[in-house]
Every structure is written in C-alpha cells, then in structure tokens.
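For reference, the structure is listed below as structure tokens.
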Amino acid sequence: MQFGIMDDEQQHQLEKDVASHNYSNLQIQQVGPIYGKTLQLQALQALCISFIGMSIVVFLLFRTFIPSFAVILSAFSDIMIAAAFMRVAGIELSLGTLAALLMLIGYSVDSDILLTNRVIKRRGTVDEKVSKAMHTGITMTTTTLAALASMYIVSTFSYLVIPSFTQITLLSQISIVLIAGLFADMMNTWLLNTGILRWYAMKPEFRGRYNR
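Residue 1435 is where the sequence shown starts when you use our numbering, and the numbers rise one by one after that.
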C-alpha cells in the first residue's frame, strides 16, 4: 500500500493501527522528497540510455539514415504520447511506470523493425510488402492489447466482484500506460513510419531496387 505525504500525527496513527493487527512480515518505509526526486532522475536517465542504445542498434541494423530515423522517430513519438497520457491521467513516474515505458520501447521497435525489414529487404511491390507487414504487426499488437486489457480489468476492478481482493495499483498503472502507448504505436507505425518508408522506397534512385 502506498500513501501520500503525511504529517507526524498521521504517521504515528498509521503505525499504531498497523501494529494493532499483528501482521507478519510487514515493513513500513518512507521516501523523502529529495530521495524521491533522485529516484525519478535516475529513472529518466535509464530511459534515455535505453533509448540511445536502441537507436544505435537500429542504425547498425539498417545502416541507412532514413529507415533508421523513421524507426527512432516512431519509437520517440510512442514514448512522448504515453508520457502525455500519464500527465493527463495523473499517473506519476515511478519504477512501475518506468518499466512500462521501457517495455513500450521494445514493443514499438519490434513492429517498426518488422515493417522496415519487410519493405527494404523483401522482394515485391511496396504495397504488397506493407500489406503483409501490417497483417502480421496488427495481429501481434492486438494480441498484446487483449492481454493488457485483461490485466488492467483484473488489477483495477476485481474487488467489485470479489470484495476480499484489493486493487493492484502497480499493475493497473503499467497496463494502462502500455495500452495507451500501443494504440499510439499502431498510429505511428502504420501511418507515420509507413508513409516515410513508402516515400523512401519510391524515390527514382531506389524504385527499381524495391519494386522488383
């Protein structure tokens, strides 16, 4: 259970109430504002390092600026939209939501690399390759969304059906952030990234290479 800021009287009352129930294996910990800000700063640094590492791997994989840039731009847009959703929904940056953002980088890059790899390295027309990649990618994403929706419902509303259950805030926040990010990923991958790749592959100097 996680609580907001308490004064000394509220904290002593909480400790008294908890001690009166004789719970086993119970710990009460405090995180001060300075330490909390330090953790948030370290979390943001970890997110930036992960994103930079992903960008390097993408450039090494394709070794071409525009397709690599499209993948990175799409992933960056996913993170920004998910972060904006967290701001609007009042979800704080914590170790749990940081994990969701890191997972979102992986999900985003997965679908973008699938699309880019099909368009650049497979034979056939651009439209055929995009269509096949879209079929596979949307199937993958909708499957993940179904699992995340189930996790969100169970972790958020299960106590309405079974009163003895409690809301699992961490899983609820992780799942809703990922759901928002994956909806953004579908838009960024199949509109933004696809548009850039289509333009790139249809340029006169590359048309013969990609339409054979």
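Note that the Cβ used here is the ideal one computed from N, Cα and C, for glycine as well.
Query, Result
"Is Q1444 close to chain B, meaning its C-beta is less than 7 angstroms from at least one C-beta of that chain?", "Among the chains in the structure shown there is no chain B, since it carries only a single protein chain."
"Round the Cβ separation of F1519 and A1614 to the nearest angstrom and send it over; I've been treating them as touching at under 8 angstroms.", "4 angstroms"
"Using three-state DSSP, classify H1446 as helix, strand or coil.", "helix"
"Confirm, please, whether the CB-CB distance from A1504 to I1610 is below 7 angstroms.", "no"
"What are the start and end residues of each continuous beta strand (DSSP E) run of 3 or more residues lying completely inside the stretch 1572–1604, in chain order?", "none"
"Using DSSP with H/G/I as helix, E/B as strand and the rest coil, what is Y1469?", "Here the model assigns Y1469 a pLDDT of 49, short of 50, so the residue's position is not dependable, and the following value carries that caveat. Note: Y1469 maps to helix in three-state DSSP."
"Find the nearest neighbour of I1483 within the set L1460, N1551, L1532, judged by alpha-carbon distance.", "L1532"
"For R1556, I'd like the list of residues in its chain whose CB is within less than 6 angstroms of its CB, leaving aside the five on either flank, ordered along the chain.", "K1563"
"My output table needs one value for R1521: the three-state DSSP class, helix, strand or coil.", "helix"
"Start and end of the alpha helix (DSSP H) containing W1633?", "1628–1635"
"Have a look at A1523, L1604, I1506 and flag the residue whose alpha-carbon is nearest the alpha-carbon of E1585.", "Before going further, note that residue 1585 is Met rather than Glu in the sequence given. It is L1604."
"How big is the Cα-Cα spacing for M1621 and V1522?", "19 angstroms"
"Does the separation of the CB atoms of R1632 and V1560 fall below 7 angstroms?", "yes"
"Would you mind reading off the limits of the alpha helix (DSSP H) that contains G1558?", "Careful: G1558 lies outside any alpha helix (DSSP H) and carries neither H nor E."
"Can you check which of these residues, K1450, M1440, S1528, Y1541, is closest to D1619 by C-alpha distance?", "Y1541"
"Taking the alpha-carbon of A1635 as reference, which of S1592, S1528, I1554, D1512 has the nearest alpha-carbon?", "I1554"
"Whole angstroms is fine: what's the gap from N1551's alpha carbon to I1525's?", "35 angstroms"
"Expressed to the nearest angstrom, what Euclidean distance is found between the alpha-carbon atoms of I1515 and S1508?", "11 angstroms"
"Taking the straight line between their C-alpha atoms, what separation do you get for A1567 and I1513?", "22 angstroms"
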